[in-house]
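Peer 1:
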Amino acid sequence: MAQTLQWAPDQGINPHIPEKRKQKLLDLQQREQLKDVLVTKFKQKYAKATAEAGIGPEVDKAINRQVKDFVENADVTKKNLNRLERRIEQDVKTQVVGAPSAGAQPDEARDTKTDITNVSAYTNASRATHVDNLSQLSMFQQQKPGDGSAVSGADVQTASGVRPVDALVDQFQDYDWSRLDDYARYINEVESQKEKERFKVEQGRLKRDLDGQLEEKQAKKVAEKEEDMKFYHIQNENLERLKKIEVQKEEEFKKKTMKEKVDRDEQLALDNKRRKEEDEVRQKEEKQFLARIDKELQKEKKKEQAKKDNERHIIRKLMEENEQEQIEKARKKKEDQEADLRSMEEYVRILDQQEAARESELKERLDRQRNLMDRMKDTVVKMQENKAEEDARRAEKQRLEMEARQFEVELNKQRKLKQMTEETKRFLFQQMQEREDAKTKEKELTKMRAQLLEEDLKDFTEQERSKAESRRSMNLRFRKELEEQMDEKRRRKETKMAPAEMKMNRKLLEIVEKTLSERDSQITAKQPIDDDEDLDSSPAPSPTKMGVLKEALVK
1 MAQTLQWAPD QGINPHIPEK RKQKLLDLQQ REQLKDVLVT KFKQKYAKAT
51 AEAGIGPEVD KAINRQVKDF VENADVTKKN LNRLERRIEQ DVKTQVVGAP
101 SAGAQPDEAR DTKTDITNVS AYTNASRATH VDNLSQLSMF QQQKPGDGSA
151 VSGADVQTAS GVRPVDALVD QFQDYDWSRL DDYARYINEV ESQKEKERFK
201 VEQGRLKRDL DGQLEEKQAK KVAEKEEDMK FYHIQNENLE RLKKIEVQKE
251 EEFKKKTMKE KVDRDEQLAL DNKRRKEEDE VRQKEEKQFL ARIDKELQKE
301 KKKEQAKKDN ERHIIRKLME ENEQEQIEKA RKKKEDQEAD LRSMEEYVRI
351 LDQQEAARES ELKERLDRQR NLMDRMKDTV VKMQENKAEE DARRAEKQRL
401 EMEARQFEVE LNKQRKLKQM TEETKRFLFQ QMQEREDAKT KEKELTKMRA
451 QLLEEDLKDF TEQERSKAES RRSMNLRFRK ELEEQMDEKR RRKETKMAPA
501 EMKMNRKLLE IVEKTLSERD SQITAKQPID DDEDLDSSPA PSPTKMGVLK
551 EALVK
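In full-length UniProt numbering, the protein residues as written are 1 to 555.
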């Protein structure tokens, strides 16, 4: 039976039905397909034996019943399949042993329909409900070759000879019918106790599954919280690292500015020294360029003024753009923009101061040059001073151009840094939003799982309640029938078995006495049970079994 079962669970199902309903239909389809496969396999396996014994319909019913119980109550595992095969094999053997031989004549079959036939009906009816616990009754209808025992009209035939009826009557003297009722009730109590134990085991398994799911959910929440804290610490470390990098860049810029200032001072000192050495040569050359110097000074002044106006226009435009951007952006970016604006204003103020200082210095130099030129007039000294002013102007022009380029480079760096900061913030916000979306989806999935579990629990509870109601109604009906049978028994005059009845049912009586003796010994060893226990608390014996048993014993 350890074969592989294959089927297509998704064929013939409407794709537009809800997922839950579709899953239930698939489970039902799989269960029915599994049931059909198992029934077909077992029928093919025992077809030959049942055909020879002439009990094909009975075996088919037993196979259908066992397979139905297996599909509804057990999981599809190799162990359970082997257990199912053993049960069906036991039922088939019992049916084959209890069936009449194929070569028997009809008259002989009618003649042998005595207590064995009726008791077999009783055992088969009991086995239909509780096969495992009542299988020992099949011993009553077996005729072993070595046993050689047979039922006759007056004596019991054994291997050693004829056993007197008086000995059998003395053994079961005054045997009461109530012993058979006790036997049937005891068998039903044992089955009821096993059913309760199976129900408790199923409840425990369900509770363990639910506890495991809750523990998994709690562990997942703790892991998510730890991951969030880890992400938060990483972001803080990144921000601190960015701040340190900014501070380091500012320090490097300051050092670079100081170094450039020192270099400029050294260069000015070298220029002064060089000018002193070339004074005589410059005095001759500068005299020729006095007129051109005045013209170029005016031209340079206009050019410087235009450049200054252009820079002011650019800075003013940047300020206006920053103000417009400050209005449009969120409140938490306002402080950064104000800081940038203040930095720009400070830089403009510094430029204005530097420009004013340069103009003042240039004006003073020009005044000095004019005064010197007026004093010296056509002398060589006047030419030298004009040449010195030209060198100073050129040096100052180079310095201003260098500072403008440095300012533009620094401004580009600040813009790029600001853009990178904005992109980092957007990326972080996007990651946070994605994590929030993932958490929301996880919560929705958890809620759906909880709803499915709750619906399954409701279905299971409803099924158990309906089963309990059905068992209770059945127990009440059985109790009523049993009470009617007990009343009918009280009305009968003869409540004791006759010697002929004892003789015909010797093996059955031995089984009953053995089972009840074992029960009494177990009860004596354990805590005593209350005799007044309500019949509803444990299922009553089946009225069909009681009636068949009594009819068999009476006949």
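Virtual Cβ for every residue (Gly too), placed ideally from N, Cα, C.
1) Do you know offhand how far Asp27's Cα is from Leu210's?
2) Have a look at His313 and Glu422 and give me their C-alpha separation to the nearest angstrom.
3) Quick one: is Asn310 buried, meaning 16 or more other Cβ sit within 10 Å of its Cβ, or exposed?
4) Would you mind giving the Cβ-Cβ distance between Val71 and Arg31, rounded to the nearest angstrom? I have them listed as a contact below 8 Å.
5) By the 10 Å Cβ neighbour count, where 16 or more other Cβ atoms means buried, how is Glu237 classified, buried or exposed?
6) Using a Cβ-Cβ cut-off of 8 Å (strictly less than) and excluding sequence neighbours within five positions of Ile529, which residues of its own chain qualify?
7) Does the distance from the C-beta atom of Arg365 to that of Glu389 stay below 8 Å?
8) Ignoring anything shorter than 4 residues or poking outside the stretch 209-273, list the alpha helix (DSSP H) runs there in chain order.
9) Using CA coordinates, which residue listed in Thr461, Gln23, Arg399, Asp91 is at the minimum distance from Glu58?
10) Please state the DSSP three-state secondary structure of Pro57.
11) For Tyr46, which of helix, strand or coil comes out of DSSP?
12) I'd like to know whether the C-beta atoms of Met502 and Leu508 end up nearer to each other than 8 Å.
13) Determine the closest residue to Arg399 out of Glu355, Ala49, Glu325, Lys254, with distance taken between C-alpha atoms.
14) Using CA atoms only, rank isn't needed, just tell me which of Lys41, Glu410, Arg316, Met504 is closest to Lys254.
15) Quick one: using the 10 Å Cβ neighbour count with 16 as the cut-off for buried, is Glu286 buried or exposed?
16) Could you tell me the distance, in whole angstroms, from the CA atom of Gly146 to the CA atom of Thr94?
17) Going by Cα to Cα distance, which pick from Ala392, Gln353, Leu516, Leu482 is closest to Asn272?
18) Could you compute how far the alpha carbon of Asn188 sits from the alpha carbon of Phe478?
19) Express the C-alpha separation of Leu239 and Val262 in angstroms, rounding to a whole number.
20) Please name the residue in Asp265, Ile55, Leu318 whose C-alpha comes closest to that of Glu345.
21) Classify Arg87: buried if its beta carbon has 16 or more other beta carbons within 10 angstroms, exposed otherwise.
22) Once the 5 residues before and after Glu464 are set aside, which same chain residues still bring their CB inside 7 Å of it?
23) Using 10 angstroms around the beta-carbon of Thr50, count the other beta-carbons present and answer buried if the total reaches 16, otherwise exposed.
24) First and last residue of the alpha helix (DSSP H) that includes Glu513?
25) Alpha carbon to alpha carbon, how far is Gln324 from Leu341?
26) Quick check on Thr40: does DSSP put it in helix, strand or coil?
27) Just mark Leu84 as buried or exposed, buried being the case when its beta carbon has 16 or more other beta carbons within 10 Å.
28) I think Arg179 touches Leu516, with their Cβ atoms under 8 Å apart; what is that distance to the nearest whole Å?
29) By alpha-carbon positions, which one of Glu454, Lys41, Lys387, Gln248 ends up nearest to Glu278?
30) Does DSSP put Pro499 in a helix, in a strand, or in coil?
31) Along the chain, where does the alpha helix (DSSP H) that runs through Val76 open and close?
32) Between which two residues does the alpha helix (DSSP H) harbouring Arg282 extend?
33) Let me make sure I understand the geometry here. Which of Glu260, Glu484, Val247, Ala404 has the alpha-carbon closest to that of Leu417?
34) Helix, strand or coil for Lys387, going by three-state DSSP, please let me know.
35) For residue 594 and Leu34, which I take to be in contact (beta-carbon distance under 8 Å), what is that distance rounded to the nearest angstrom?
Peer 2: In short:
1) Asp27 and Leu210: Cα-Cα distance of roughly 21 Å.
2) 27 Å
3) exposed
4) Yes, Val71 and Arg31 are in contact; Cβ-Cβ is about 5 Å, under 8 Å.
5) exposed
6) The pLDDT assigned to Ile529 is 42, lower than 50, so where the model puts this residue is not dependable; a value taken from the coordinates is nonetheless given after this. Around Ile529: Ile523.
7) In contact: Arg365 and Glu389 (Cβ atoms closer than 8 Å).
8) Contiguous alpha helix (DSSP H) elements confined to the stretch 209-273 do not occur, taking only those with 4 or more residues.
9) Asp91
10) helix
11) coil
12) no
13) Glu355
14) Glu410
15) Within 10 angstroms of the beta-carbon of Glu286 lie 16 or more other beta-carbons, which makes it buried.
16) A caution first: Gly146 carries a pLDDT of 37, below 50, which makes its placement in the model too unreliable to give a value.
17) Ala392
18) 12 Å
19) 35 Å
20) Leu318
21) buried
22) Within the same chain, Glu464 has no close Cβ partners at all.
23) buried
24) 506-525
25) 12 Å
26) helix
27) Its Cβ being crowded by 16 or more others within 10 Å, Leu84 is buried.
28) Between Arg179 and Leu516 the beta-carbon gap is near 7 Å, inside 8 Å, which marks them as a contact.
29) Lys387
30) helix
31) Run containing Val76: none; DSSP gives neither H nor E here.
32) 279-288
33) Checked all of Glu260, Glu484, Val247, Ala404; the closest Cα to Leu417 is Val247.
34) helix
35) Residue 594 is absent from the structure shown; the chain starts at 1 and stops at 555.
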